[in-house]
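Chains as they are written, first to last, in the working numbering: chain A, 14 to 672; chain U, 160 to 415. The block underneath contains the structure these notes are about, expressed in structure tokens.
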Amino acid sequence: MAELNAHIPEGELTDKWTKLRSSMPLVNPANKRSIEIIVVGSGLAGASAAATLAEMGYKVKCFCFQDSPRRAHSIAAQGGINAAKNYQNDGDSTYRLFYDTIKGGDYRAREANVHRLAEVSANIIDQCVAQGVPLAREYGGLLDNRSFGGTQVQRTFYAAGQTGQQLLLGAYSALERQVGMGKVEMFTRHEMLEVVVVEGKARGIIARNLLTGELERHSGHAVLLCSGGYGNVFYLSTNAMGSNVTAAWKAHKKGAFFGNPCYTQIHPTCIPVSGDHQSKLTLMSESLRNDGRIWVPKKKDDPRKASEIPEDERDYYLERRYPAFGNLVPRDVASRAAKERCDAGYGVGNSKLAVYLDFKANTERYGRIEASKHNIHNPDKETCMKLGREVIKEKYGNLFDMYAQITGEDPYELPMRIYPAVHYTMGGLWVDYNLMTTVPGLYALGEANFSDHGANRLGASALMQGLADGYFVIPYTIGAYLSKELATKPIPQDHPAFVEAEASAKGILDKFLSIKGTKSVDHFHKKLGKIMWEKCGMARNEKGLKEGIAEIQQLRKEFWSDLRVPGSADEMNPELEKAGRVADFIELGELMCMDALNRNESCGGHFREEYQTEEGEALRDDENYAYVAAWEYKGDVTFELHKEELKFENIKVAQRSYK
Amino acid sequence: MSTGNMNLTLKIWRQKNNKAKGSLVDYKISEVSPDMSFLEMFDVLNEDLVAKGEEPVVFDHDCREGICGACSMFINGRPHGPKEGITTCQLHMRSFKDGDTIVVEPWRAKAFPVIKDLMVDRAAFDRIIASGGFISVNTGNAQDANSLPIPKVQADSAFEAAACIGCGACVATCKNASAMLFVSAKISQLAQLPQGQPERYRRVQSMVAQMDAEGFGNCTNTGACEAECPKGISLENIARMNRDFYSAKFVSEESI
């Protein structure tokens, strides 16, 4: 059994990374040329890792299921990326970013990892700007910042509402540069279906060429999983349709422990569900909470339109409950507060499962500032609104357009209706400080690992972590492992482990096609999503989780006996691809419920109704649960719990307060 | 609100693989809700087809919020359908009316061969980027991000060019199947930034050479690409690219 050792370097928190980096074993350039690294996924973590490792001289093979690496779901990140640059001179520092992230994660993340993240955050911005990423600037030509939730400084860099797109295109261009130089071999429309483990070490993967259906064997000295999160276990989420857990789950079944699977981030500001046909949910960036005020009517079931409700009959509940942070409380807090208001009968819109996000006050304020810039004194309200709208448009134009498209309403005129939706998963493959899983040679980066966000991720920190892992962490830490692999010859692809892994992948595909039942893949996926949302969603309790586990087990039986997948395995067959992903989601769903049931406390995004303060805030149990739950797969969808104790030596653990 | 009352006829391009001959096939679909997205309407159609034991229609899609650039349907003769400034996944059924017949085809261009049904191969775009659509800066080489101020107007203009999602609508709509809007957007983004200067002329030459090698047609200034681009990428970028391409002949020491 693999041992759970986080390999955190000795020494002072602030010196750990510097010392480790300087003493890390290196691989000389000649040796690098004969070492092959497999990278699964081409998002921020995968593209940055693949590009950087190739720049260093390694031979890299990179895989993505999309038709181009540029389409990985990092592309959809809207709001921004954090970095402790202190360009705004507002008291930011590496320590403060570290502190905010640990606190935001409700004291359930590793101190050493988070401090390293804060240390390299500034390098990321430098690197991206050097690549030609057009981040937003002020008139003086310097970079602009905006505010994000869970912090009181302005440290978020952005490119309109398309920050993820711009950062990913930067990493993608670095990746394509290496492809053009022949240093990275890119495999698009390929999906990883198995990790190949030879004598206890990850030595390759089985990938399915989605165009031809062919199963391919790829070998390497190390395998990096950069395959993103598993929010689609809920069916409806802000993830892309193809986002899936399969690579991580297959690794889990080959011995990689899964860390904190129940930590799910429900984002407070998404466009509400409009009907049963809905295939995905769309986020409205957290940056909107900068300039928007969230409210519901003070009267239950108020039938009036938003514009007809006078100011003193509105309940700005976040500002009321959390005067210090107001609308900028972290996501878990904001989501629960919205659910609380809607459950209590104050929701708005047809479904009553929505709250208002209103830009009027700030539009007018911006207008007043613009008017004074134009030497218009005592401007009337109409002028202010007109000028202010231009400012809002420049900041958030694409988001407002998206909202209008989806809802058919004009958000410049009416407040947005928003409701929480599944957005990000803090849980993922357990990794040590070097980002290695419990399988030697198998690494996990970005959202695919569990490492840096504890029980709740702060806004604009996912882009930071993905790029930190890929550009600045793995290129160093992988050397420690590879320097011991110099004698390892290229891995023969006819090794029994490859044969077996390929047969296993083929067996599953054949099974899907042979069931010939009556229900489509989506039928099962929707059912799973409903169970997960109701029993393991924003609020959980013991009874519901137990029911959830039983329901998922029943669903799994039905899936394997009544699934219908048309077509064959030797062609482009999206239904077959989906079947594999949903089969893995069903197993993962059960583990998420088990993990949530095991954790008898509330922390961050994990809210157990039995454990709350009198004011309805999450109530942690540090004595018994200050650990990472790392689950080992024991065959036949059974799991064994291992614990990594979290030690807080530099931060005083406290009840999280944003009041 | 889950089901609606629109009844539609769809004429969809079906093609088994890139060697098979394709054709338009008629499908009836009923109870379509105006709140559905165009792709959700396809989801419903595909569910019906699976239930009937037929093969569902294959199409590219992923983020379904207009940013990944995967979706690519040619709807009633226009890439991404009748509305301006959006992708197929952002098109909603409220843009159609009960009784409509909707023709859906894949992108059509020699350089974008059909893979199956509505799915095409756009790998040519990746190869064009690989030929020069980058700034050669290895990780770790960067100076402080604020050490080089960039005027806001210039940065904003670079950003507007960088907003391209690589969907290929510009190629699909162009009568010459020209990729100039796509290629020029990247060239123009980098040419407007100080970081892009050292490789400026080398870049334009190699990217244009790759574009030609991929079999895209030339530009005859029709402007359909700009009109159909879901991200509003401007024709000015093509002018900027052409200017740089010709300048390269004079200023570049290393003509490619």
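Ideal Cβ positions, reconstructed from N, Cα and C, are used throughout, including at glycine.
Member of the options whose CA lies at the smallest distance from the CA of residue i
{"i": "residue 317 of chain U", "options": "U:378, U:278, U:395, U:297", "result": "U:395"}
{"i": "residue 365 of chain U", "options": "U:384, U:354, U:390, U:403", "result": "U:403"}
{"i": "residue 195 of chain A", "options": "A:518, A:64, A:581, A:337", "result": "A:64"}
{"i": "residue 93 of chain A", "options": "A:126, A:198, A:297", "result": "A:297"}
{"i": "residue 407 of chain U", "options": "U:358, U:391, U:198", "result": "U:358"}
{"i": "residue 521 of chain A", "options": "A:465, A:318, A:184, A:589", "result": "A:589"}
{"i": "residue 434 of chain A", "options": "A:145, A:130, A:282", "result": "A:282"}
{"i": "residue 470 of chain A", "options": "A:631, A:38, A:365, A:162", "result": "A:162"}
{"i": "residue 495 of chain A", "options": "A:37, A:77, A:429", "result": "A:37"}
{"i": "residue 283 of chain U", "options": "U:315, U:371, U:247", "result": "U:371"}
{"i": "residue 468 of chain A", "options": "A:641, A:292, A:99, A:390", "result": "A:641"}
Residue i, enclosing alpha helix (DSSP H) - first and last residue
{"i": "residue 315 of chain U", "result": "311-321"}
{"i": "residue 509 of chain A", "result": "509-528"}
{"i": "residue 111 of chain A", "result": "107-117"}
{"i": "residue 635 of chain A", "result": "635-638"}
{"i": "residue 340 of chain U", "result": "339-350"}
{"i": "residue 543 of chain A", "result": "534-549"}
{"i": "residue 42 of chain A", "result": "42-45"}
{"i": "residue 207 of chain A", "result": "First-last for residue 207 of chain A: 203-211, but that is the beta strand (DSSP E), not the alpha helix (DSSP H)."}
Integer-rounded CB distance, given that residue j should sit under 8 angstroms from residue i
{"i": "residue 593 of chain A", "j": "residue 279 of chain A", "result": "26 angstroms between Cβ atoms; not a contact."}
{"i": "residue 57 of chain A", "j": "residue 602 of chain A", "result": "Contact doesn't hold; Cβ gap of about 26 angstroms is too wide."}
{"i": "residue 284 of chain A", "j": "residue 295 of chain A", "result": "5 angstroms"}
{"i": "residue 352 of chain A", "j": "residue 551 of chain A", "result": "5 angstroms"}
{"i": "residue 598 of chain A", "j": "residue 541 of chain A", "result": "6 angstroms"}
{"i": "residue 687 of chain A", "j": "residue 244 of chain A", "result": "Residue coverage of chain A in this structure runs from 14 to 672, which leaves residue 687 of chain A outside it and unanswerable."}
Sequence-distant residues of its chain with Cβ nearer than 7 angstroms to residue i (five each side left out)
{"i": "residue 652 of chain A", "result": "604, 607, 644, 645, 646"}
{"i": "residue 33 of chain A", "result": "22"}
{"i": "residue 410 of chain U", "result": "360"}
{"i": "residue 350 of chain U", "result": "359, 399, 403"}
{"i": "residue 546 of chain A", "result": "247"}
{"i": "residue 328 of chain U", "result": "238, 239, 387, 388, 389"}
{"i": "residue 182 of chain U", "result": "173"}
{"i": "residue 382 of chain A", "result": "none"}
{"i": "residue 24 of chain A", "result": "32"}
{"i": "residue 219 of chain U", "result": "229, 230, 231, 278"}
{"i": "residue 401 of chain U", "result": "none"}
{"i": "residue 314 of chain A", "result": "358"}
Interface partners of residue i on chain C, CB under 9 angstroms
{"i": "residue 535 of chain A", "result": "No chain C is present in this structure, whose protein chains are A and U."}
Close Cβ partners of residue i (< 8 angstroms) along its chain, the five nearest in sequence each way excluded
{"i": "residue 267 of chain U", "result": "233, 331, 336"}
{"i": "residue 14 of chain A", "result": "Here residue 14 of chain A scores only 45 on pLDDT, less than 50, and its place in the model is too uncertain to base an answer on."}
{"i": "residue 442 of chain A", "result": "238, 261, 264, 265, 269, 270, 271, 272, 450, 457, 461, 462, 463"}
{"i": "residue 377 of chain A", "result": "394, 397, 398, 401"}
{"i": "residue 417 of chain A", "result": "423, 424"}
{"i": "residue 160 of chain U", "result": "Residue confidence for residue 160 of chain U is low, a pLDDT of 39 falling below 50, so the modelled location carries little weight; the figure read from the coordinates is stated next. Contacts found: 192, 194."}
{"i": "residue 136 of chain A", "result": "484, 485"}
{"i": "residue 636 of chain A", "result": "none"}
Same chain, Cβ closer than 6 angstroms to residue i, five either side skipped, listed in chain order
{"i": "residue 249 of chain U", "result": "225"}
{"i": "residue 557 of chain A", "result": "548"}
{"i": "residue 415 of chain U", "result": "Because the pLDDT at residue 415 of chain U is just 49, under 50, the model does not fix this residue reliably, and the value given afterwards should be weighed accordingly. Counting only Cβ-Cβ distances below 6 angstroms, and skipping sequence neighbours, we find 364, 365."}
{"i": "residue 473 of chain A", "result": "92, 93, 94, 95, 161, 169"}
{"i": "residue 392 of chain U", "result": "323, 340, 344"}
N-terminal and C-terminal residue of the beta strand (DSSP E) that residue i is part of
{"i": "residue 397 of chain A", "result": "Looking at the DSSP string, residue 397 of chain A is not in any beta strand (DSSP E); the run it does join, the alpha helix (DSSP H), is 394-420."}
{"i": "residue 221 of chain A", "result": "214-222"}
{"i": "residue 457 of chain A", "result": "455-457"}
{"i": "residue 290 of chain A", "result": "No beta strand (DSSP E) contains residue 290 of chain A, which DSSP labels as neither H nor E."}
{"i": "residue 488 of chain A", "result": "Element bounds for residue 488 of chain A: not the beta strand (DSSP E) but the alpha helix (DSSP H), 487-495."}
{"i": "residue 555 of chain A", "result": "Segment 555-575 is the alpha helix (DSSP H) holding residue 555 of chain A; no beta strand (DSSP E) there."}
{"i": "residue 434 of chain A", "result": "429-438"}
{"i": "residue 51 of chain A", "result": "49-53"}
Return the residues of the stretch 294-311 of chain U that lie within a Cβ-Cβ distance of less than 9 angstroms from chain A, sorted by chain order. 294, 295, 296, 297, 298, 299, 300, 301, 302, 303, 304, 305, 306, 307, 308, 309, 310, 311
The stretch 337-366 of chain U: which residues have C-beta closer than 7 angstroms to a C-beta of chain A, in chain order? 348, 349, 352, 354, 355
Counting only Cβ-Cβ distances shorter than 9 angstroms, please list the residues of the stretch 574-601 of chain A near chain U, keeping chain order. 577, 578, 579, 580, 584, 585, 586, 587, 588
Select from the stretch 119-153 of chain A all residues with a C-beta closer than 9 angstroms to any C-beta belonging to chain U, and list them in chain order. 135, 136, 138, 139, 140, 141, 142, 143, 144, 145, 146, 147, 148, 149, 150, 151, 152, 153
Chain-ordered residues of the stretch 249-260 of chain U with a beta carbon less than 9 angstroms from chain A: 249, 250, 251, 253
With 9 angstroms as the limit, tell me which residues of the stretch 162-176 of chain U have their beta carbon closer than that to any beta carbon of chain A; keep them in chain order. 162, 163, 175, 176
Taking any Cβ of chain U, which residues in the stretch 270-295 of chain A have a Cβ under 8 angstroms from it, in chain order? 287, 288, 289, 290, 291, 292, 293, 295
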